[in-house]
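Peer 1:
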Amino acid sequence: METQQALDYKRIAEAISFLKENFKSQPNLGEAAAHVHLSPFHFQRMFREWAGVTPKQFLQYLSAAHAKNILKSTGATLLDTAFETGLSGTGRLHDLFIKIEGMTPGEYKNGGVLLHINYAFADTPFGSVITASTTKGICYMAFADEGQEKALAELKAVFPNAQYYPVVDLIQQNALFVFSQDWSKLDEIKLHLRGTDFQIKVWEALLKIPAGGLTTYSNLAMKAGYKGASRAVGTAVANNPVAFLIPCHRVIKSTGETGQYHWSSIRKSAIIGWEAAKTHQAV
Numbered sequence: 544m545e546t547q548q549a550l551d552y553k554r555i556a557e558a559i560s561f562l563k564e565n566f567k568s569q570p571n572l573g574e575a576a577a578h579v580h581l582s583p584f585h586f587q588r589m590f591r592e593w594a595g596v597t598p599k600q601f602l603q604y605l606s607a608a609h610a611k612n613i614l615k616s617t618g619a620t621l622l623d624t625a626f627e628t629g630l631s632g633t634g635r636l637h638d639l640f641i642k643i644e645g646m647t648p649g650e651y652k653n654g655g656v657l658l659h660i661n662y663a664f665a666d667t668p669f670g671s672v673i674t675a676s677t678t679k680g681i682c683y684m685a686f687a688d689e690g691q692e693k694a695l696a697e698l699k700a701v702f703p704n705a706q707y708y709p710v711v712d713l714i715q716q717n718a719l720f721v722f723s724q725d726w727s728k729l730d731e732i733k734l735h736l737r738g739t740d741f742q743i744k745v746w747e748a749l750l751k752i753p754a755g756g757l758t759t760y761s762n763l764a765m766k767a768g769y770k771g772a773s774r775a776v777g778t779a780v781a782n783n784p785v786a787f788l789i790p791c792h793r794v795i796k797s798t799g800e801t802g803q804y805h806w807s808s809i810r811k812s813a814i815i816g817w818e819a820a821k822t823h824q825a826v
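For the sequence shown, the working numbering assigns the number 544 to the initial residue and increments by one for each residue that follows.
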């Protein structure tokens, strides 16, 4: 006899399949709930517990992914893309992209063609980093473990049509003060982030974790306003585009284990120890 947990899993798996197969018709909460024989209230709660997001958010991600594929691989107009995605017009496509991608569909289609990005490499206590900035702030920072050429290629993949300049600017210099331990300069660091509403809220919650402090994925989810969505929050943490400045290294497992880190778990442990030591010295 199947357990209730197994039955719940089957229902959510069936609901996910239903949404994937029918997203072009934009089914509402009631239609999706009826498909798995649940009330809308219980379906909403159960879906978020299992998937980490609401059915509406999941449907938005499916729609955005389909629209992105059309814009990237075809010459379709924004209107055709909207209709092909099941949306009523370009207005809804625009709203969807602003919510999910943090940019308009036109900006996504041109790959950041209007962006002018300065980039430079610098040495830190934890290895070389590439730092990129626009006039608004730091838009990207990553450890360049596999060399400068590979690091620059990965940056350009994020903004494929932007114009790049090998320039060290004041925005980058202010950001790099963090590695010289002059944390009083942190309020001068400006960030230019592109992400979904969900990702931005998670990154904002990360910025509130003090140097030398740690939190868990479940606590971070609660602070970001998404209690119970630890897995989805973990994905947002992993997609952090600005290493170190947005301190995803300060998030650990509830067991106390350091856990994974995009730029290696060994580096994560080293950064945590370095921050703890510097914070202790400052007291």
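For glycine and all other residues, C-beta sits at the position ideal for the given N, C-alpha and C. Since this is a predicted model, take the numbers as computed values, not measurements.
1. Are the beta-carbon atoms belonging to residue 555 and residue 584 less than 8 Å from one another?
2. For the alpha helix (DSSP H) containing residue 624, list its first residue and its last residue.
3. Which value, in whole angstroms, describes the spacing of the CA atoms of residue 688 and residue 549?
4. Tell me, to the nearest whole angstrom, how far the beta carbon of residue 563 is from that of residue 605; I am working on the premise that it is less than 8 Å.
5. For residue 748, which residues of its own chain have a beta-carbon under 6 Å away from its beta-carbon, when the five flanking residues on both sides are left out?
6. Evaluate residue 576 with the Cβ neighbour count: other Cβ atoms within 10 Å of its Cβ, from every protein chain shown; 16 or more gives buried, anything less gives exposed.
7. Check the DSSP bridge columns for residue 780 and list the partner residues they point to.
8. Would you say residue 617 faces chain C, with C-beta separation under 8 Å as the test?
9. Which term fits residue 659, buried or exposed, when burial requires 16 or more other beta carbons within 10 angstroms of its beta carbon?
10. Helix, strand or coil for residue 597, going by three-state DSSP, please let me know.
11. Enumerate in chain order the residues of its own chain whose CB-to-CB distance from residue 799 is below 6 Å, with the five nearest sequence positions on each side excluded.
12. Tell me residue 706's beta-bridge partners as DSSP assigns them.
13. Which of the three DSSP states, helix, strand or coil, is assigned to residue 804?
14. So, do the stretch 766-782 and the stretch 735-745 have three or more beta carbon pairs nearer to each other than 8 Å?
15. If I measure Cβ to Cβ from residue 795 and keep anything under 7 Å in the same chain, skipping five residues before and after, which residues do I get?
16. Mind checking whether residue 681 and residue 735 have CB atoms under 8 Å apart?
17. Measure the CB-CB distance between residue 733 and residue 752 and report whether it falls below 8 Å.
18. Assuming residue 701 contacts residue 683 (C-beta within less than 8 Å), just tell me the rounded distance between them.
19. Report, in whole angstroms, the separation of the C-beta atoms of residue 663 and residue 721, which I expect to be a contact under 8 Å.
Peer 2: The relevant details are as follows:
1. no
2. Secondary structure note for residue 624: its alpha helix (DSSP H) is the uninterrupted segment 621-627.
3. 43 Å
4. 6 Å
5. 763, 766, 767
6. buried
7. DSSP output for residue 780 lists no bridge partner at all.
8. In the structure shown, chain C cannot be found, because there is only a single protein chain.
9. exposed
10. Three-state DSSP puts residue 597 in coil, outside helix and strand.
11. none
12. DSSP, once it has assigned bridges, lists 659 as partnering residue 706.
13. coil
14. yes
15. 757, 759, 801, 802
16. yes
17. no
18. Yes, residue 701 and residue 683 are in contact; Cβ-Cβ is about 6 Å, under 8 Å.
19. Taking the Cβ atoms as the reference, residue 663 lies roughly 15 Å from residue 721, outside the contact range of under 8 Å.
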